[in-house]
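Trainee: Sharing a structure, written as structure tokens. Questions coming.
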Ligand SMILES: C[S@@+](CC[C@H](N)C(=O)[O-])C[C@H]1O[C@@H](n2cnc3c(N)ncnc32)[C@H](O)[C@@H]1O
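Numbering (the UniProt record's numbering), first residue to last: 1 to 341.
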């Protein structure tokens, strides 16, 4: 795995094949401008590092979308001492954030644990101007073999629906397992793409209910795992993790709930959908749309219809989300898991 690393306070220089954060000054190189430039398609910018396309753009609009989802995930757990993750990790030294996107989670966790080194990996450089000294961003394909030497105390994944095939997903969890300390934790938060409503504020034939099924069909044609919210517990268990904890959420879309926190979450999530839908849908629908690939304009018209419906004031819609945290067994437990019938 050959990495480009964004080291703190370096004017965004990058380090090649260097896993010691203290050594970055010896080998800084500018990251290839082609990686920064990306590939423009249908008015959006995509990563160029991995041949198999990423279904989400890596551009300002998408980074704004990730900022909104980061914020809403934070607010909904803001009553907790640590709203960033639930795994009971004490004094972590090495933390990894897979598919870090804009890098907000990695930066916040690095601030919270100044004694830890927090690495965020993505196919595209996050748009950061300053990062805490204990945070590193690495530009790489996480499906390649990992070459980090220090085992991690915590590996975090978030919103990776449709990023991988089922085989790639299994391979990824195995890599996580192999690179965690015995007793180390994996934690993942995923959201459903399906919009739901528990009352009659939205008629059953509303366009809002077509978004999830349409994206699901396109992702299926693309061979990607979709609605992994339904399957990631099983995948994590299959990889050998134990002590599995699950927390389910309903994320309101729009500020309709009475509860103050949920109202705030709903307001942010409404923005999240308005800004994010085009990016989440464009690649899948223009390549794998049903019955034939859609044009960019067709996607834009569809997104405009969705935005209009989502902005109606009296609708009570939401999406589900699920957080799972699980532990790599310590040695004796591992023997038990291996030998159990
Ligand atoms: C929907 S975004 C989520 C970003 C971030 N985890 C968050 O919650 O804000 C998925 C991210 O995974 C990254 N990604 C997809 N495939 C990847 C791979 N093979 N290696 C590294 N990153 C990948 C994408 O570039 C994208 O930034």
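Note that the Cβ used here is the ideal one computed from N, Cα and C, for glycine as well.
Would residue 215 and residue 195 qualify as a contact pair, given that the criterion is a beta-carbon distance under 7 Å?
Mentor: No.
Trainee: Does the Cβ of residue 123 lie closer than 6 Å to at least one heavy atom of ligand 1?
Mentor: Yes, the Cβ of residue 123 comes within 6 Å of a heavy atom of ligand 1.
Trainee: Any idea what DSSP makes of residue 254, helix, strand or coil?
Mentor: Here residue 254 sits in coil by DSSP.
Trainee: For the beta strand (DSSP E) containing residue 119, list its first residue and its last residue.
Mentor: Segment 117-122, the beta strand (DSSP E) holding residue 119.
Trainee: Which residue or residues does DSSP assign as beta-bridge partners of residue 93?
Mentor: Answer by DSSP bridge pairing: none, since residue 93 is not bridged.
Trainee: Taking DSSP as the reference, what is the three-state secondary structure of residue 326?
Mentor: In the structure shown, residue 326 sits in a strand (DSSP, three-state: E or B).
Trainee: From what residue to what residue does the alpha helix (DSSP H) around residue 172 run?
Mentor: 166-178 is the span of the alpha helix (DSSP H), which, as asked, contains residue 172.
Trainee: Along the beta strand (DSSP E) that carries residue 154, what are the first and last residues, could you check?
Mentor: Taken as a continuous stretch (DSSP letters only), the beta strand (DSSP E) holding residue 154 covers 152-158.
Trainee: For residue 64 versus residue 275, is the C-beta distance shorter than 7 Å?
Mentor: Yes, these two residues count as a Cβ contact at 7 Å.
Trainee: Going by the DSSP bridge assignment, what does residue 40 pair with across the sheet?
Mentor: Paired residue(s): 45.
Trainee: So, using beta-carbon positions, are residue 289 and residue 239 closer together than 7 Å?
Mentor: In this structure, residue 239 does not lie closer than 7 Å to residue 289 by Cβ.
Trainee: Suppose the cutoff is 8 Å on Cβ atoms and the five residues either side in sequence are ignored; what does the same chain contact list for residue 166 look like?
Mentor: The residues are 225.
Trainee: Confirm the yes/no value for this check: CB of residue 162, any heavy atom of ligand 1, distance under 6 Å.
Mentor: Not so, every heavy atom of ligand 1 lies at least 6 Å from the Cβ.
Trainee: Taking 8 Å as the threshold, find out whether the stretch 319-328 comes into contact with the stretch 172-185 through three or more Cβ pairs.
Mentor: Result yes; three or more Cβ-Cβ pairs closer than 8 Å.
Trainee: Could you say which of 56, 119 and 140 lies nearest to residue 131 if we only look at CA atoms?
Mentor: If we check each option's Cα against that of residue 131, 119 comes out closest.
Trainee: Would the C-beta of residue 141 count as close to ligand 1, meaning under 6 Å from any of its heavy atoms?
Mentor: Yes, Cβ of residue 141 sits closer than 6 Å to a heavy atom of ligand 1.
Trainee: Using DSSP with H/G/I as helix, E/B as strand and the rest coil, what is residue 228?
Mentor: Helix at residue 228.
Trainee: Looking only at its chain, what residues have a beta carbon closer than 8 Å to the beta carbon of residue 78, apart from the 5 residues adjacent to it on each side?
Mentor: Here the set comprises 261.
Trainee: Should residue 90 go down as buried or exposed, given a rule of 16 or more other Cβ atoms within 10 Å for buried?
Mentor: That one is exposed.
Trainee: Using the DSSP secondary-structure output, state which residues sit across from residue 245 in a beta bridge.
Mentor: 325, per the DSSP bridge assignment.
Trainee: Please list, in chain order, all residues of the same chain as residue 150 whose beta carbon is under 6 Å from its beta carbon, the five residues on each side excluded.
Mentor: So the qualifying residues of the chain are 94.
Trainee: Helix, strand or coil: which one does DSSP assign to residue 213?
Mentor: In the structure shown, residue 213 sits in a helix (DSSP, three-state: H, G or I).
Trainee: Can at least three beta-carbon pairs, one atom from the stretch 243-253 and one from the stretch 314-321, be found at a separation below 8 Å?
Mentor: The stretch 243-253, when compared against the stretch 314-321, does touch it at the 8 Å Cβ threshold.
Trainee: Give me the residue from 156, 168 and 213 with the minimum Cα distance to residue 185.
Mentor: Of 156, 168 and 213, the residue nearest in Cα terms is 156.
Trainee: Taking Cβ positions, are residue 279 and residue 62 nearer each other than 7 Å?
Mentor: Yes, the Cβ-Cβ distance between residue 279 and residue 62 is below 7 Å.
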